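Take a look at the structure below.
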Amino acid sequence: MRVLGVDPGLTRCGVGVVEGVAGRPLTMIGVGVVRTPADAELGHRLVAIERGIEEWLDAHRPEFVAVERVFSQHNVRTVMGTAQASAVAMLCASRRGIPVALHTPSEVKAAVTGSGRADKAQVGAMVTRLLRLDAPPKPADAADALALAICHIWRAPALNRLQQAHAQHSVRKVT
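In this text, residue positions in the sequence shown follow the working numbering: the first is 27, and each later residue adds one.
Right under this line is the structure:
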């Protein structure tokens, strides 16, 4: 399974591609950040993020895209920018028919470190260890994108079983 993880943000949108299956060693295919200037007009920034994500989709051909689920923060402006960048990532994937999964920050932290309250340094350290890298990816947005991809690879089998069970239950109710 090849997953593009996206840590959405207007200034720095982390992107990382991981390949593998649950229970086996994972491989980092690529990692980076799509950047936009903070002083640019919002529409131009969103177009730049779209172009960057499209380039990653073209170059790495992921089977899934895992995006960080936007959560409430104290700074509404930050939340809005994150939500807008997140929507761009979901749109790019959906336009190509690539399934999109949303994972909360605490889900990702728990999957990668064992604690939903882990800090950025702990996430970076575990991503480095799990992917057998020489050093944590910089900036932290890049490491977070890889953590999202890892989380999805590890959680996807369980999520698929839950979705199948729910679908079967729904079919039984209808008939």
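Just so you know, even glycine gets a beta-carbon here, dropped at the ideal spot from N, CA and C. Small disclaimer: the values here were computed from a predicted structure and weren't measured.
Per DSSP, the unbroken beta strand (DSSP E) holding I55 starts and ends at 53 to 61. Within its own chain, the residues whose Cβ lies closer than 6 angstroms to the Cβ of D33, once the five positions on either side in sequence are excluded, are G40, E94, D167, D170, A171, listed in chain order. Cβ contact annotation for T108 (same chain, cutoff 7 angstroms, sequence separation greater than five): P34, G35, V96, in chain order.
The Cβ neighbour count for G140, taken over all protein chains shown within 10 Å, is under 16; the residue is labelled exposed. Non-local beta-carbon contacts of R28 in its own chain, meaning distances under 6 angstroms to residues more than five positions away in sequence, involve E45, P88, E89 in chain order. One Cα belongs to I124, the other to L174, and the distance between them is close to 16 angstroms. L68 counts as exposed, since fewer than 16 other C-beta atoms from the protein chains shown sit within 10 angstroms of its C-beta.
Closest by C-alpha distance to I55, out of G31, A48, A64, is G31. Taking a 10 Å sphere around the C-beta of K135, we find 16 or more other C-beta atoms and assign the residue as buried.
Distances from the alpha-carbon of E133 to those of P163, I176, V114 put I176 closest. V47 carries a coil assignment under DSSP once its states are collapsed to helix, strand and coil. Between A127 and R181, the alpha-carbon positions lie close to 10 angstroms from each other. Taking 7 angstroms as the cut-off, the Cβ atoms of L83 and V114 do not count as close.
Taking all protein chains shown into account, S120 has fewer than 16 neighbouring C-beta atoms within 10 Å of its C-beta and is therefore exposed.
Under DSSP, the beta-bridge partners assigned to A92 are G31, A127.
DSSP places R38 within a strand segment (E or B) once states are collapsed to three. Annotation for L117: the continuous alpha helix (DSSP H) segment containing it runs 102 to 121.
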